[in-house]
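Using the working numbering, read the sequence shown as starting at 432 and increasing by one per residue. Just so you know, even glycine gets a beta-carbon here, dropped at the ideal spot from N, CA and C.
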Amino acid sequence: MMNWNSRSLAAIWHPCTQMKGHEEIPLLAIKRGKGAFLYDHQDKAYLDSISSWWTNLFGHANPSINQAITDQLNELEHVMLAGMTHEPAILLSEQLSALTQNNLGHAFYGSDGASAVEIALKMSFHYWRNLGKVKKTQFVCLANSYHGETLGALSVTDIPIFSDTYSELLRSKILAPSPDLRLIQEHQSEEEFTLQTILKLEEILSAQHSTIAALIIEPMVQCATGMAMHSSTYLKSVRGLCDKYQILLIADEIAVGFGRTGTFFASEHADIWPDLMTLSKGLTGGYLPLSVVLSRDKIYQAFYSNQTSHGFLHSHSYTGNPLACRSALATLELFKTLGTLQQNCILARQLRRAFDWAQADSRLEHFRQLGTILAFDVKKDLATPYFSKLFFAKALEKGLLIRPIGNTVYVMPPYILTEKDCLFLGSTVQICLDEILR
Ligand SMILES: Cc1ncc(COP(=O)(O)O)c(C=O)c1O
């Protein structure tokens with residue numbers, strides 16, 4: 432075991448963290464990963480129930496992905512993607528296009544989720560500009576949405592703890608009312624609530640469409656909001672309204688894509704395709720940073736011109752890195768060889784059974800599940816402001832990596848979880864709750 436002192440620990444400024452908090456809860460150093468488990472330096476195992484920030488689909492140190500990256504490493508580690516191309520990026524772009532039934536046939540690569548959101552925002556703004564509609568400059572996003580933390584992405588994020596401090600740096604946004612099904616009033620049905628949210632959205636779009644470039648939405652589940660789920664009717668209506676009012680639809684599938692919600696892309700629940708789709712996280716199976724924006728042909732064509740300034744002059748040095756693309760190709764291959772979408776139906780049922788107790792637990796509310804995302808809320812009067820931190824620390828003690836969002840406890844595990852793992856997960860969450868809420 433390596434010996435770290437407080438200075439060597441402070442050498443890293445950790446993400447999304449008030450570093451002083453680690454005076455009470457020490458950082459956990461991970462040495463290795465295997466399958467659904469991470470291991471510390473004493474070889475204690477932790478079940479990775481949140482797929483390491485929703486990235487890892489087929490487990491840590493997956494032999495097929497390891498092999499694919501090793502093979503690629505021996506051939507070509509990196510080459511710039513301007514003026515050059517390479518097989519892994521070509522194959523990946525073709526396969527992603529095929530997965531959208533060729534509705535989104537042009538892949539523009541970035542490095543991480545936020546850079547994909549930046550690309551989608553810039554592209555939609557520039558699209559209208561190239562068409563001569565220079566007034567279409569604004570973006571609509573949903574109340575409580577999260578799309579990343581660079582300045583553009585933060586401008587369409589509505590989570591005060593992340594955005595308020597930087598408000599002077601951010602563009603103003605148009606907020607649409609949240610379709611979060613937890614907001615249904617006592618007297619309302621799900622259909623009435625959804626219709627009400629759609630009508631309010633239409634009011635906004637009909638009044639301001641001449642200045643709106645795009646609407647960005649995380650289809651079916653707003654994850655960082657606290658696994659807020661909405662109905663597919665809402666999503667379908669959003670597509671209809673964007674068509675009606677000539678607004679581009681950006682589906683941010685960074686967290687919900689790649690089979691997470693039961694269909695390959697979450698947009699498929701509503702049988703729609705967006706104009707632009709952002710992907711990252713599970714794209715490389717959780718191995719390497721890579722993101723991509725898939726676009727419709729009409730958008731690509733609007734940039735295709737003799738004028739340089741009509742082109743999309745955006746780049747990142749590691750755009751389309753061959754190792755990351757090869758890792759993504761190996762991930763897509765696993766979907767086929769393992770029959771992942773079918774297997775995930777079984778996993779979803781196993782998870783539900785493992786959390787049966789939670790549906791009947793009077794301390795909890797809003798039990799919900801879509802595919803392999805399962806969540807519930809601890810009633811507000813029971814959850815202290817420290818609930819999330821305490822739960823995280825307690826679960827680690829018991830060999831479980833889980834990070835509640837506020838009072839929302841959720842799991843979003845790798846797809847290779849066994850039934851035994853599910854049972855361990857369900858019972859450990861229950862024990863942690865019992866100990867914390869005692
Ligand atoms: C829906 C969504 N969009 C964008 C992002 C930003 O991705 P990244 O953290 O890779 O920048 C995230 C990250 O959690 C996300 O969940």
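Per DSSP, the continuous beta strand (DSSP E) segment holding G541 begins and ends at 537–541. With a cut-off of 6 Å, the C-beta of H517 is classified as distant from ligand 1, since no heavy atom of the ligand falls inside that distance.
About 26 Å separates the beta carbons of G693 and L864, which is beyond the 8 Å limit, so they are not a contact pair. A distance below 7 Å separates the beta carbons of T581 and E549.
About 19 Å separates the CB atoms of S698 and A644; that is not less than 8 Å, and the two are not in contact. Not one heavy atom of ligand 1 sits closer than 6 Å to the Cβ of I461. Within the same chain, A538 come within 7 Å of S524 by CB-CB distance, once the 5 residues on both sides are set aside. In this structure, G583 is the residue among R613, G583, L614 with its C-alpha nearest to the C-alpha of L600.
Annotation for E623 indicates a beta carbon at 6 Å or more from all heavy atoms of ligand 1.
A residue is called buried when at least 16 other Cβ atoms come within 10 angstroms of its Cβ; L632 meets this threshold and is buried. Residue environment for W444: exposed (fewer than 16 other C-beta atoms within 10 angstroms of its C-beta). Under the rule that a run must span 3 or more residues, the beta strand (DSSP E) segments found entirely inside the segment 447–504 read 461–465, 468–471, 476–479. Per DSSP, M708 is one residue of the beta strand (DSSP E) stretching across 707–710. L636 is positioned such that its CB atom lies closer than 7 Å to that of L672. In the DSSP annotation of this structure, the continuous segment of the beta strand (DSSP E) that includes R799 starts and ends at 795–801. Going by C-alpha positions, T715 is about 7 Å away from C756. Among the bridge pairs identified by DSSP, T839 is matched with D808, I836.
By the beta-carbon neighbour count (other beta carbons within 10 angstroms, threshold 16), G541 is buried. Unbroken alpha helix (DSSP H) runs of no fewer than 4 residues, entirely contained in the segment 500–583, are found at 518–530, 544–561, following chain order. Taking C-alpha positions only, A513 is separated from Q569 by approximately 29 Å.
Distance from the C-beta of G579 to the nearest heavy atom of ligand 1 is below 6 Å. At least one heavy atom of ligand 1 sits closer than 6 Å to the Cβ of I685.
In this structure, T739 and N775 do not form a Cβ contact; the two beta carbons are roughly 45 Å apart against a cut-off of 8 Å. Per the coordinates, the alpha-carbon of T486 lies some 15 Å from the alpha-carbon of Y841.
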